[in-house]
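> The numbering of the sequence shown is UniProt numbering, which starts it at 1 and goes up by one.
Got a structure here, written out as structure tokens. Questions coming.
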Amino acid sequence: MAAFDTSRPTYAAGQQGFGAFAASLIAAFTAWNDARQTRIALSQLSDHELDDIGLTRGDINSL
């Protein structure tokens, strides 16, 4: 008698295919864009305003 295995293999976490890849790509882009917008907003503040929030010009690029 022949037996057929009709179950699909389970995949380890992180191997969810193109959908998971696309979602992680979108999340990475969103995080990058949020950080970029934050750096732009902070760079438009004066030195006095940056000092008020505890930052210096040198701190902006490290955010």
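Ideal Cβ placement from N, Cα and C applies to all residues, glycine included.
#1: Are the CB atoms of T30 and L63 within a distance shorter than 8 Å?
#2: Check I53 in the structure and name its three-state DSSP category.
#3: Using only the alpha-carbon positions, how far apart do residue 74 and A27 sit?
#4: Locate the alpha helix (DSSP H) running through N61, then write down its first and last residues.
The structure says:
#1: In the sequence shown, the residue the question calls residue 63 occupies position 63. In the sequence shown, the residue the question calls residue 30 occupies position 30. No, they are not a contact pair.
#2: Start at 1 with the first residue of the sequence shown, and residue 53 comes out as number 53. It is coil, neither helix nor strand.
#3: Any question about residue 74 goes unanswered here, given that the chain covers just 1 to 63.
#4: Here residue 61 is taken as the residue at index 61 of the sequence shown, counted from 1. Element bounds for N61: n/a, residue is neither H nor E.
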